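Peer 1: Going by full-length UniProt numbering, the first residue of the sequence shown is number 1, and it counts up by one from there.
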Amino acid sequence: MTAGPGPGAVPSPAAQGGGVPTARALARARRRRSAARFLAAYRTHRGGVAGLGALVLIGLVALGAPLLVGSGVRSVADAPGSALEPPSARFPLGTDRFGRSLLGLLVWGARISLTVGLLAAVLSVAIGTLVGIVAGHFGGWPATVLMRVTDWFLVMPALVLAIVLATVMSRGLVTVVLAIGVTSWPTTARLVRAATIAVESRPYIERARALGGGHGHVMRRHVLPHVMPLVLAQTTLGISGAILTEATLAFLGLGDPTVVSWGGMLQDAREAGAVSSGHWWYLAPPGIAIAVVALAFTLCGRAVESVLNPRLEVGR
1 MTAGPGPGAV PSPAAQGGGV PTARALARAR RRRSAARFLA AYRTHRGGVA GLGALVLIGL
61 VALGAPLLVG SGVRSVADAP GSALEPPSAR FPLGTDRFGR SLLGLLVWGA RISLTVGLLA
121 AVLSVAIGTL VGIVAGHFGG WPATVLMRVT DWFLVMPALV LAIVLATVMS RGLVTVVLAI
181 GVTSWPTTAR LVRAATIAVE SRPYIERARA LGGGHGHVMR RHVLPHVMPL VLAQTTLGIS
241 GAILTEATLA FLGLGDPTVV SWGGMLQDAR EAGAVSSGHW WYLAPPGIAI AVVALAFTLC
301 GRAVESVLNP RLEVGR
């Protein structure tokens with residue numbers, strides 16, 4: 001004869017529901033299984049794992065900048081060295097034209113470059129997702145108008161538009177984020193629109209409409225969850241492009257002059273004549289850092305894309 005649960009025992013959700021799990025518990029279980037499958041598949045991509053490891057390391061260095069190099073490294077007035085010192089034991093990457101440690105500037109610059117890249121990519125993907133879902137869901141003249149606007153942004157060079165916006169608006173990080181985000185969304189919009197059209201052709205969408213589901217319900221509860229994998233992959237891939245664009249704007253002198261970024265370091269090196277004078281240590285660190293971060297995000301994005309859409313994977 002088995003003993004029942006004690007007086008202080010808490011019954012499980014299945015027991016509370018008469019042995020049938022609740023819908024919320026089932027949804028949580030499905031999400032856990034999906035996350036476990038995603039991680040297991042992602043670990044098989046060596047490039048994606050390497051890129052993720054590099055990003056985690058760079059992110060930790062950026063977050064720990066005040067502890068690693070201190071906040072005074074950005075000050076021009078209190079620069080500890082002389083101008084354009086080559087790499088040494090005191091300054092492993094040399095100094096800039098003001099005598100500041102390039103290693104310290106590189107660590108602090110990671111914060112700005114990563115932040116601007118992330119925010120600009122999220123803004124770009126958010127705009128593209130909204131335009132793509134609305135155009136794919138409604139069709140007709142709304143889709144025609146939205147797609148013509150998208151085509152106009154596609155044929156116009158995004159960098160030129162970003163330069164124009166950064167020139168017209170006041171200089172600052174918000175301006176850089178807006179300039180990149182509002183000029184790089186068309187590709188996401190087209191991809192999401194195609195995915196929305198494919199999702200809305202499925203029978204359960206018709207059933208949802210027949211049961212009284214409105215436009216907002218269909219787009220939010222049925223279409224958006226199915227296009228989110230595509231949105232995630234586009235976000236990961238877009239961050240590398242946003243970081244490169246931010247570096248380009250800063251190199252052209254259109255960034256925020258009050259903060260340190262990798263593109264700003266390259267712009268300072270150009271103004272100091274580092275190319276003609278042979279001060280390679282002034283140019284190499286920020287350039288290599290930009291290339292490494294862009295490559296790492298690209299590797300992660302390709303791995304995510306392959307996991308979420310295995311048909312893209314060739315030769316494995």
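Positions of the beta carbon are idealized from the N, C-alpha and C atoms, including for glycine. On a predicted model such as this, the values are computed, not experimentally measured, just so you know.
Run through DSSP, which three-state label would S113 get?
Peer 2: Residue mapping note: residue 113 aligns to position 113 of the sequence shown, counting from 1. Note: S113 maps to helix in three-state DSSP.
Peer 1: Are the segment 270 to 280 and the segment 185 to 192 in contact at 8 Å, needing three or more beta carbon pairs?
Peer 2: The segment 270 to 280 vs the segment 185 to 192: no contact.
Peer 1: Have a look at the DSSP bridge pairing and note the partners of S101.
Peer 2: As a first step, residue 101 must be located in the sequence shown, where it is residue number 101. The partner list for S101 (beta bridge, DSSP) reads T95.
Peer 1: Enumerate in chain order the residues of its own chain whose CB-to-CB distance from E85 is below 7 Å, with the five nearest sequence positions on each side excluded.
Peer 2: Counted from its first residue, the sequence shown places residue 85 at position 85. So the qualifying residues of the chain are F91, G94, T95.
Peer 1: Does the separation of the CB atoms of I243 and T196 fall below 7 Å?
Peer 2: Residue mapping note: residue 243 aligns to position 243 of the sequence shown, counting from 1. Residue mapping note: residue 196 aligns to position 196 of the sequence shown, counting from 1. The answer is no: Cβ separation not under 7 Å.
Peer 1: Among the candidates E246, A233, G253, I290, whose CA atom is the shortest distance from the CA of F38?
Peer 2: Locating residue 38 in the sequence shown gives position 38, where the first residue counts as 1. If we check each option's Cα against that of F38, A233 comes out closest.
Peer 1: How far does the alpha helix (DSSP H) with G212 in it reach, from first residue to last?
Peer 2: In the sequence shown, the residue the question calls residue 212 occupies position 212. Per DSSP, G212 belongs to no alpha helix (DSSP H) and is neither H nor E.
Peer 1: Just reading off the alpha helix (DSSP H) that A194 is part of, what are its end residues?
Peer 2: Counting from one through the sequence shown, the residue named residue 194 turns up at place 194. Residues 186 to 200.
Peer 1: Under a Cβ-count criterion, where at least 16 other Cβ atoms within 10 Å of its own Cβ denotes burial, should A65 be classed as buried or exposed?
Peer 2: In the sequence shown, residue 65 corresponds to position 65, counting from 1. Flag for A65 reads buried.
Peer 1: Can you check whether the CB of G109 is closer than 7 Å to the CB of V260?
Peer 2: Here residue 260 corresponds to residue number 260 of the sequence shown, with the count starting at 1. Here residue 109 corresponds to residue number 109 of the sequence shown, with the count starting at 1. Contact flag set, yes.
Peer 1: Could you check the C-alpha separation between R202 and P225 for me, to the nearest Å?
Peer 2: Position 202 of the sequence shown holds residue 202. Position 225 of the sequence shown holds residue 225. Rounded to the nearest angstrom, the two C-alpha atoms are 14 Å apart.
Peer 1: Does L60 pass the burial test, meaning 16 or more other C-beta atoms within 10 Å, or should it be called exposed?
Peer 2: As a position in the sequence shown, residue 60 is number 60, starting the count at 1. Its Cβ having fewer than 16 others within 10 Å, L60 is exposed.
Peer 1: With H, G and I counted as helix, E and B as strand and the rest as coil, what does DSSP make of S124?
Peer 2: Position 124 of the sequence shown, counting from 1, holds the residue named residue 124. Note: S124 maps to helix in three-state DSSP.
Peer 1: Could you check the C-alpha separation between A126 and V182 for me, to the nearest Å?
Peer 2: Within the sequence shown, numbered from 1, the residue matching residue 126 stands at position 126. Within the sequence shown, numbered from 1, the residue matching residue 182 stands at position 182. Each residue's alpha carbon lies about 10 Å from the other.
Peer 1: Could you tell me the alpha carbon to alpha carbon distance between A83 and R148, rounded to whole angstroms?
Peer 2: Along the sequence shown, read from residue 1 onward, the residue named residue 83 stands at position 83. Along the sequence shown, read from residue 1 onward, the residue named residue 148 stands at position 148. Those two C-alpha atoms are separated by around 52 Å.
Peer 1: At which residues does the alpha helix (DSSP H) containing L252 begin and terminate?
Peer 2: Indexing the sequence shown from 1 puts residue 252 at position 252. That residue, L252, is in no alpha helix (DSSP H); it is neither H nor E in DSSP.
Peer 1: Does the contact criterion of 3 or more C-beta pairs under 8 Å hold for the segment 302 to 311 versus the segment 40 to 59?
Peer 2: Cβ pair count under 8 Å is three or more, so yes.
Peer 1: Sort G81, S71, T248 by Cα distance to A166 and report the nearest one.
Peer 2: Position 166 of the sequence shown, counted from the first residue, corresponds to residue 166. Selected option, being the one with the closest Cα: T248.
Peer 1: Which residues mark the beginning and the end of the alpha helix (DSSP H) in which residue 318 is found?
Peer 2: Beyond the ends of the chain as shown, which are 1 and 316, falls residue 318; an answer cannot be given.
Peer 1: Do the CB positions of F251 and G241 come within less than 7 Å of each other?
Peer 2: Walking along the sequence shown from the start, residue 251 turns up at place 251. Walking along the sequence shown from the start, residue 241 turns up at place 241. No, the pair does not count as a contact, with Cβ atoms beyond the cut-off.
Peer 1: Considering only their Cβ atoms, is the gap separating V231 from residue 317 smaller than 7 Å?
Peer 2: Here the chain comprises residues numbered 1 to 316, so residue 317 is not present and cannot be evaluated.
Peer 1: Counting only runs of 4+ residues fully inside the segment 255 to 285, write out the alpha helix (DSSP H) ranges in chain order.
Peer 2: Listed in chain order, they are 262 to 271, 274 to 277.
Peer 1: Going by the CB atoms, is the gap between L146 and A135 shorter than 7 Å?
Peer 2: Counting from one through the sequence shown, the residue named residue 135 turns up at place 135. Counting from one through the sequence shown, the residue named residue 146 turns up at place 146. Yes, the pair counts as a contact, with Cβ atoms nearer than the cut-off.
Peer 1: Do G99 and C300 have their C-beta atoms within less than 7 Å of each other?
Peer 2: The residue you call residue 99 lines up with position 99 of the sequence shown. The residue you call residue 300 lines up with position 300 of the sequence shown. Result no, Cβ atoms of G99 and C300 do not sit closer than 7 Å.
Peer 1: Could you say which of A208, V107, V199 lies nearest to S71 if we only look at CA atoms?
Peer 2: Stepping through the sequence shown from its first residue, residue 71 is reached at position 71. Nearest of A208, V107, V199 to S71, Cα basis: V107.
Peer 1: Taking buried to mean at least 16 other C-beta atoms within 10 Å of its own C-beta, is residue 317 buried or exposed?
Peer 2: Residue 317 lies beyond the stretch modelled for the chain, which goes from 1 to 316, so this question has no answer here.
Peer 1: Taking the alpha helix (DSSP H) that D151 belongs to, which residues open and close that run?
Peer 2: The count along the sequence shown starts at 1 and reaches residue 151 at position 151. Note, D151: alpha helix (DSSP H), 140 to 155.
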